Amino acid sequence: MERSTEVILAPDAPAQVAEPWMFCKSSLFRKLRQHLTNTRVRPTMAAPSSSGLEVLLNTLQNAGDTESMLNILNVLDELLSAGTDRRINYMISKGGSEALLTALVSSARCYTPNYTILLPLLHLLAKVGHRDRQIGLKAQKEDAALVVLSLLRQNTKNAQRAAACLWVLRVFCSSVTTAALLGRNRGLDVVFKLICPHTTKHLRTVKAAVDAFAAMLCSKANCRTAIAKGYIGDLLKLYEDWHNNDANLENIPIRRAIMHCLHHAANSSVGREALVAEGGMHILFQTTQACLTMKGLESLVDPAVQLMRKCYPKVPIPLTSDKSAYIFPLPGRPVDCWDADLESYDGGLEEDSDEDTENEELDNRDYEDDLETDVNKLQPRPEPDRPLEQLSQYVRFCPELHHEFQLNKRVFQDLDSSSEVDESADEDSSLEGNFSQKIPRGRRSKASKGESLLPSSPDSPISLELNPGSEEDNHLQTRDFHKHYLNCSRNIQEGHCSMVDRLLEKYGSVIPNHDPRLYNATAANTKSIVGYSILAFPDFWGHLPPQGKEPMAKRPPNAQRKKVLEDIQRLLCPEKIINKVVFDMEDPSPQCSYETYPSSLRFFSKFESGNLQKAIHVRSHEYDLILNADVNCSAHYQWFYFEVSGMVAGVPYRFNIINCEKGNSQYNYGMQPVLYSVREALEGKPHWVRTGSEICYYRNHFCPRRGQSSSFYTLTFTVTFRHDDDVCYLAYHYPYTYTTLQTHLKMLEKSVDPSKVFFRQQNLCDTLAGNSCSLVTITACPSSKAWKHLHQLRNRPCVVLTARVHPGESNSSWVMKGTLEFLCSSDPVAESLREAYIFKIIPMLNPDGVINGNNRCSLNGEDLNRQWLKPDLNFSPTIYHTKGFLYYLNSIGRTPLVFCDYHGHSRKKNVFLYGCSMKETLWQSGSPINTASLKEDPGYRTIAKTLDRIAPAFSFNNCNYLVEKSRASTARVVVWREIGILRSYTMESTYNGCNQGIYKGLQIGTHEMEEMGMKFSQSLLTLRKNSLLYNSRLIHHASALLDLNNQVVDHKSNNCYEDDEPPCTEEIEYSSFSDPFGANDLDMEVNGNIHSAEEEDEGDADICENVRLQTDRKSHLLPHILPQDALETLTIKDGQCNGINVGNSYYC
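So the number in the working numbering is just where the residue sits in the sequence shown, counting from 1, plus 258.
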């Protein structure tokens, strides 16, 4: 009875599937065994259960004659070549690499090395080693690295043997320590001698030498040695030589290999410096320009551009300091202390949005480690973080619950709504903290709580005086708009009609819920750090959504490459660069005046929410723009909003914002900045419109002044203006200022019917700069003084909505605008919502940040949405009192039914919710806790499901209900845990657009954002549908909400799985460049070397074909050595057997 042992090549291979690599029950191993017996070398069995592969490996290490080893090597190559990489990986797991290394060392250390064995051993070791991540360390352990280097030294004049040795050295260098070992033994010199100028001979060996040299440069020590010996300059000359002599494009792989070698050298700072010093930028630029004129050379162009980007010398951003131009002295904290903190700032980039790092490219393990698994921290605990007696100060923010509630024409007799906001400022002294004293001035800017946006009185209109001239000058001549029309003066000369009145008389007020006169009066009470005295026209005049849809911008092919090459020309041709500062927020000296450079564009940003610190004229129609950091910070660059004028119509102007921080942006995926034209607004088209072409976002060569450990990103876009001498405004997203909000709230209060709608605006607290943080209450007035109507009012659940904690997320304000306007409307659904809920709305949690053009922080230099765990009364008053108010509602048994914080998301499309679920978090984290014993109301998903049905911009598949440790101090998580609100959300709105539903492929505008605010309000109706009083109007308007029909809408996102953006079509980063050759490429080169005779070169030209053929993985190891009967034995018959068994005499 013969006993067979099964060979399992891959543990997870399905036994029932017959793959092409399966062998039949042939006499393959019978003949091999017979051959080994005849040569008196018997297989060594490690154990009775050893697999056939282990038998072969053990036999290989103990075989003493040439023919036996050749047969075993050929069998191994057949086994590995016929299948997938799973076979090779299985062989590696069974000690295959060690067996090959041992056999190699034994054969090479013979007195006379037998290359009949060594050559196939080297070939097979190259194939296997390329897939073994530990091959370098294993080679060191077996002392094989220096053995192969010795073989290379002995065979530098034998192309075939040298190539085999070079491939093995290349795979050994996957270990840095092995590469360093080879370098210490002069391996660099041996390998570099084989890299010759352009030739038609031994091409395969030349390429193998370049690849091996590149692999050795992964060691910094080797890189320094190569620089010291001048090899970097030699490589550049070699690349230029091969480029100039490759007229027929036959040597592209060698040119790519040299490029790859240079990339490895540029991975160290000394390598980059050497490459620049040797004229590498010029050589690479010239050769790349030549490659662009020929087809089929993309494989050379992109690596060359990446290499030039990597080697472009880093330069500090052209500012005097990394600090913000605005510094606000904080109470009880000296300015010098704050400056020290700024100096120690590490420059780490903030996450995009509160939830934005959820979709950054982190591996799953890191993400799961961030999930909270402590049940004690996941379970809600509604105990307040402050004494209960302190909560009584918030009773006044529930006037609708006042025990002396009296109904009349103005709703309340005991409260004067017309003066509520002003009076509450005095009454709220206990809520403000100690901010009443005069704050000292800052070091770099005038900072005072008392300074207002306009130095004029509230009733003073803007001085928009006209110079005498033609009628055209009176309303359409925008050339001098900034100089004459927007200058504010405290007193207007008698007899002059203000420009505001003239414009309104001619065009009328066309913006709903906006009044320019009221905006002007409201702006007088807005307090900024520097005391802005000029209004931005779009905020003053107002905005209407464009009538048409705005599709996402299509990115031209290689747009980024074009821009990068233009950037590189600055370094190579400095004489063509203008490099003149045309605007500097901190330097109003004459050198920045426009009279000095009349052909330059004019820039301005010293207005509410404006952000542009510096503008530099680079080339005739190109400008570098530098953003200002957040107040009291040296970081957070994203938001921009500035005025530009003095343009020529039809000329493309390139704008480069050169100090962006984030690693990617929706600007790479179809998003455009927004533009507002004053000329078109005066002609009756007051629109913010998406604009810009050739938009790219990529890493640049600028770095912070504090050091070169990090670098910035460039947002570049081209704008072609439609009118000469227009005044235009450009912004990251649709601006929405604090003054706009205050004006809007006043307009809303005037628009509602006080007998039906209870609308009350109160001052929750004062901010650090002395601005009011408004709290708005909206609900339905009781229909009578009857007890049951008053009782119904006082038992309505609360809904708390907040927005704009991050100043740069202006989209959240537009969504909030839609919510406010809908809740105040006469829509039947809005009426039902007012009757069902009491809405407590804080539309702007960070007024100071919005006013002063911040992107993320308040004046304390901190992210307010990271202060919710322990908010500081003095430094984060709006968060402190918002949390206190929520505690108060909880303490009187009126815990809000819903809390939602509106945000913006700059890296994802669509609108979506982030919520909190204890069970989902534990499931996702793989926690061993039995969640079946945990009780959790699944109602937290209801709103998202409703929005997925009714809101075109909403995507249910983007929603997430996981609780992360890194989000423990955000509003969403703290309100869920400490206040005990099940439905605690962050609602994220894209800056870009949608990739699903009826808005797919379109950029989102103010209309769509306001619609989203309305839809969110409507979704709340589903939580109370069982207690609604149905009527025909409500049923007609809210059938989808109330599930009264089952009609399938076309904007459902249930089948949309495009949650994250695909990789950008062009590399944003330049620090990494992967090996262009994979395992299959190496297999193809090794197989080509097998066919070549030692002195023949017929096969060399094959490696330089431009179009690679699919690798033929069939073994070509020893066809000219094995006898005919052995070849017959090794024939593969596809699909005839489900496995390979080795017995005493055969495989089956």
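C-beta: ideal position from N, C-alpha, C; glycine also. Given the structure is predicted, the values throughout are model-derived calculations rather than measurements.
For this session: Would you mind working out which of A1229, A366 and R1199 sits nearest N1215, comparing C-alpha positions?
Result: Out of A1229, A366 and R1199, R1199 has the C-alpha closest to the C-alpha of N1215.
Problem set entry | N1104 versus Y652 - alpha carbon distance | 20 Å
Exercise. Does the distance from the C-beta atom of K1223 to that of D643 stay below 9 Å?
Worked result: It is not a contact, given that the beta carbons lie outside the stated cut-off.
For this session: Would you identify the three-state DSSP class for R345, choosing helix, strand or coil?
Result: Reduced to three states, the DSSP call for R345 is helix.
Exercise. Can a CB atom of chain B be found closer than 9 Å to the CB of Y911?
Worked result: Looking for chain B here will not work: only one protein chain is present.
Exercise. DSSP three-state call for V876: helix, strand or coil?
Worked result: strand
For this session: Let me know if Y1407 comes out buried or exposed under the rule of 16 or more other beta-carbons within 10 Å of its beta-carbon.
Result: No answer is possible for residue 1407: the residues shown for the chain start at 259 and end at 1406.
For this session: Pull up the CB-CB distance for I453 and V468, whole angstroms please, since I reckon it's below 8 Å.
Result: 6 Å
Problem set entry | Contact belief for N230 with I787 at Cβ below 8 Å, rounded distance in angstroms | Any question about residue 230 goes unanswered here, given that the chain covers just 259 to 1406.
Problem set entry | Rounded straight-line distance, which links the Cα of L1022 to that of D686 | Reliability of the predicted coordinates at D686 is poor, the pLDDT of 39 falling under 50, and no value is obtained from them.
Exercise. Taking the alpha-carbon positions, what's the E1194 to M1176 distance?
Worked result: 8 Å
Exercise. What did DSSP end up calling P1105 once you bin it into helix, strand or coil?
Worked result: Note: P1105 maps to helix in three-state DSSP.
Exercise. Going along the chain, which residues of its own chain have a beta-carbon closer than 7 Å to the beta-carbon of P910, five neighbours each way excluded?
Worked result: So the list reads H879, T976 and T978, once near-sequence residues are dropped.
Problem set entry | Bridge-paired residues (DSSP) for C1158 | L1059 and Y1243
Exercise. For H1163, which three-state DSSP category applies?
Worked result: Of the three classes helix, strand and coil, the one that applies to H1163 here is strand, per DSSP.
For this session: Determine, using beta-carbon pairs with one atom in the segment 806-819 and one in the segment 828-836, whether at least three such pairs fall under 8 Å.
Result: no
Exercise. L338 to V633, Cα distance in whole Å?
Worked result: Looking at the backbone, the Cα of L338 and that of V633 are separated by about 50 Å.
For this session: Taking N1250 as the reference, give the member of L1279, G1162 and T1323 with the closest Cα.
Result: G1162
Exercise. Nearest-angstrom Cα distance between N778 and E1120?
Worked result: Within the model, the alpha-carbon separation for N778 versus E1120 is close to 31 Å.
Problem set entry | Beta-bridge partners of N1218, as assigned by DSSP | Y1172
Exercise. Identify the residues that DSSP records as bridge partners of V429: which are they?
Worked result: DSSP output for V429 lists no bridge partner at all.
Problem set entry | Expected contact under 8 Å - CB spacing of L1205 and S1275 to nearest Å | Beta-carbon to beta-carbon, L1205 and S1275 are separated by about 11 Å, too far to satisfy the 8 Å threshold.
Exercise. Beta carbon of A422, beta carbon of A479: below 9 Å?
Worked result: no
Problem set entry | Start and end residues, alpha helix (DSSP H) containing I375 | Y373 to G387
For this session: Excluding the 5 residues preceding and the 5 following E473 in the sequence, name in chain order all residues of the same chain whose CB lies nearer than 7 Å to its CB.
Result: Rather than Glu, the amino acid found at residue 473 in this sequence is Ala. Here the set comprises R428, C431 and A437.
Problem set entry | Boundaries of the beta strand (DSSP E) in which C549 is found, first to last residue | In the DSSP assignment, C549 falls outside any beta strand (DSSP E) and within the unbroken alpha helix (DSSP H) covering G538 to L550.
Problem set entry | Three-way DSSP call (helix, strand, coil) for R482 in this model | helix
Problem set entry | Residues near I1036 in its chain [Cβ-Cβ closer than 6 Å; skip 5 each side] | F1017, L1081 and F1097
Exercise. So, are the CB atoms of E901 and R948 less than 9 Å apart?
Worked result: no
For this session: Name the residue from A515, S951 and R344 whose alpha carbon lies nearest to the alpha carbon of A466.
Result: A515
Exercise. Just how far apart, CA to CA, sit G965 and S579?
Worked result: 12 Å
For this session: Over the uninterrupted alpha helix (DSSP H) stretch that includes A357, give me the two end residues.
Result: G354 to A366
Exercise. Using CA coordinates, which residue listed in A397, L973 and R1054 is at the minimum distance from R1152?
Worked result: R1054
For this session: Indicate whether N1118 and H1064 have their beta-carbon atoms separated by less than 9 Å.
Result: The Cβ atoms of N1118 and H1064 do not sit closer than 9 Å to each other.
For this session: Assuming V1057 contacts L1155 (C-beta within less than 8 Å), just tell me the rounded distance between them.
Result: Between L1155 and V1057 the Cβ distance is about 6 Å, and since that is below 8 Å, they are a contact.
Exercise. So I1036 is in the beta strand (DSSP E); what residue range does that whole segment cover?
Worked result: Element bounds for I1036: S1030 to A1038.
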